[in-house]
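Report on the structure given below.
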Amino acid sequence: PPSLPSSRKLEMLLSALGLPVEDAPTDLLWSLVVHTGFWVSICFVVGTATGNVSQVDKLWSLLPAVYAWQIAIWSNLHPRSVLMAILATLWAARLTYNFARRGGYTWPPWKGEEDYRWPILRKTKPLNNPWVWMAFNLGFICFYQQYLLLLIVLPQAEAAGTRDASELNYFDWICAVMFLGLLMMEYVADQQQYDFQTEKYRLINSQKPLYGEYKLGFLRTGCWSLSRHPNYFCEQSIWVVWYLFSVASKNKLINWTVIGSVLLVLLFQGSAAFSEGISAKKYPAYKEYQATVPCFVPISSAIYRPFWNPKGDEHADAAVAAVGPAAKSEDSVAARVKRRSSARRRTDE
C-alpha cells in the first residue's frame, strides 16, 4: 500500500498524544518540524566538531522571528499573524544586538566563547563521560532547545492559521502593548547589567581598586534591586503574552500550544538555579541577595520577606563583612543592606 503523507503521519501522532487534531495545521507543522530538524543537525555536527556546544545560542534570538514570518506567509498574511511577526522581529533585533555586543558572534561563526555553564556541567558525573556528554549535547542542547524555540512560536499558528481564528480585536492590542512594555523592561535590565560588567572589568583590567557593588561582584541596584533576574522575568512573560494572542483569537483560555511557554518557564527555573549556584560560590554576599530579593517577579525589598528568612539580618551582616572597607562608604550596597535590615528590626519590634 502507498505510504501516508508526512503531514498525515504528524496528524496521527498528534492524535495519539491527545492533542486536538482538528485545530492543528499539520501541513505547516510538518514544514516547521523539518526546518527545525535541519538546525538541530547543524548545531550538533558543528558543536561536536569544534568542541563548542554553544551553537544554539547563536540561533536563539534569530529562529523565532524566522518561524514567525514563515507562519505569517502560510496564513496569507493574516493581520494578527503579521502583527505577531513584527513583534517577534523587534524581540529578535533587541536580543541579537545584546548577544552580539557581548562577543556572541565571531568569524568563522562556529568559533567564539562557549557559555560558561557548559564547561562546569561537562565536569560533573556522568556528563564527564565523552559519550554521555555527546548524548546530552544532541538530546538537550540541540534537540530540546531547538524544538522549544519552535514550540514557543506555535501559538501564532493557532491565533491566525485555523479556520475559526477571529480578526484582530482589542485583546490583541492589549497583548501587543504588554509585549512591547516587557521588551523595553528587558532592554533596560540588560543595559544595566552590561554597563555594570563593562565598568567592573574596566577597573579590573586597569588594576584599580574595586568599590561598592563592584567589590561585591554582582549588580543589585536598578531593576536588579527588585528581582535577581529581571531579564529572565521579562523573557518568560514575553512568551506567555505571545501565547495570549491565541486566546484572543479563540476566546478560550487553554489550547494545545500552551506547552511552549510552560516548557520555557520550566527551562528558566533550572537555568536560574544552576547559575545562582555558581554565583553563590563565587560571591560571599550573594546568599544575602538571595534572601532579600526575589528570583523573578519584581518586588520591592522593603516588603519582600521570604518565609525562610523574614528579616535577612544574618545575611546582611555577612554582606557587610564580605566587602570589608567598602561597607564604610555611605554609597556602598552592603551599607544600605545593613541599614535596611536595622530598619526592619525596628519595625518588627
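Residue numbers for the sequence shown follow the working numbering, beginning at -17 and rising by one.
Ideal Cβ placement from N, Cα and C applies to all residues, glycine included.
Fair warning: this is a prediction, and the values are worked out from it, not measured in the lab.
Two segments are said to touch when three or more pairs of C-beta atoms, one from each, lie closer than 8 Å; by this definition the stretch 175 to 183 touches the stretch 198 to 214.
With contacts defined by Cβ atoms closer than 9 Å, residue 157 and residue 223 form a contacting pair. Look at the beta carbons and you see the stretch 107 to 114 not touching the stretch 61 to 74: under three pairs across the two are nearer than 8 Å. Distance from residue 78 to residue 133 at the Cβ level is roughly 20 Å; contact not present, criterion being Cβ atoms closer than 8 Å. In this structure, DSSP gives residue 267 a state outside helix and strand, which the three-state scheme calls coil. Between residue 119 and residue 29, the C-beta gap is smaller than 9 Å, which places the two residues in contact. Across the structure, residue 33 and residue 154 are spaced so that their CA atoms are roughly 44 Å apart. In this model, residue 267 and residue 98 are separated by some 21 Å (Cα to Cα). Counting other Cβ atoms within 10 Å of its Cβ, residue 191 stays below 16 and is therefore classed as exposed. Under the 10 Å beta carbon count, residue 40 is surrounded by 16 or more other beta carbons and is classified as buried.
The C-alpha of residue 188 is placed about 43 Å away from the C-alpha of residue 159.
The C-alpha of residue 233 is placed about 47 Å away from the C-alpha of residue 106. Note on geometry: alpha-carbon atoms of residue 117 and residue 254 lie some 23 Å from one another. A direct Cα-to-Cα measurement between residue 149 and residue 139 gives close to 14 Å. Sequence-distant partners of residue 201 (beyond 5 residues in either direction) whose C-beta falls short of 7 Å from its own C-beta, in its chain, are 174, 175, 178 and 195.
With respect to the C-alpha of residue 261, the residue from 162, 211 and 80 having the closest C-alpha is 211. By the beta-carbon neighbour count (other beta carbons within 10 angstroms, threshold 16), residue 197 is buried. In this structure, the alpha-carbon of residue 62 lies about 48 Å from that of residue 185. A distance below 7 Å between beta-carbons, with the five flanking residues on each side excluded, links residue 228 to the following residues of its chain, in chain order: 137, 140, 141, 237 and 239.
Taking C-beta atoms under 8 Å as the contact rule, residue 49 and residue 103 fail to qualify, at a distance of about 28 Å. In this structure, the straight-line span from the alpha carbon of residue 170 to that of residue 243 is close to 23 Å. Taking each of 58, 272, 279 and 24 in turn and checking the Cα distance to residue 213, the smallest one comes out for 279. Residue 245 and residue 130 have their alpha carbons spaced roughly 7 Å apart.
With fewer than 16 other CB atoms across the displayed protein chains lying within 10 angstroms of its CB, residue 183 is exposed. Close CB contacts of residue 96 within its chain, under the 6 Å cut and outside five residues either way in sequence, are with 34 and 36 (chain order). Taking C-beta atoms under 8 Å as the contact rule, residue 219 and residue 162 fail to qualify, at a distance of about 12 Å. Annotated three-state conformation of residue 182 is helix, per DSSP.
Contact between residue 82 and residue 46 does not hold, since the beta-carbon distance rounds to 17 Å and is not under 8 Å. Buried is the label assigned to residue 215, since at least 16 other Cβ atoms lie within 10 Å of its Cβ. Cβ-Cβ distances below 7 Å link residue 38 to 25, 123, 124, 127 and 128 in the same chain, with the five nearest sequence neighbours on each side left out; the list follows chain order. The shortest C-alpha to C-alpha distance from residue 53 to any of 273, 109 and 10 is the one to 10. With fewer than 16 other Cβ atoms inside 10 Å of its own Cβ, residue 31 counts as exposed. Rounded to the nearest angstrom, the Cβ distance from residue 265 to residue 199 is 4 Å, consistent with a contact under 8 Å.
Excluding five sequence positions before and after residue 100, the CB atoms of its chain that fall closer than 6 Å to its own CB belong to 35, given in chain order.
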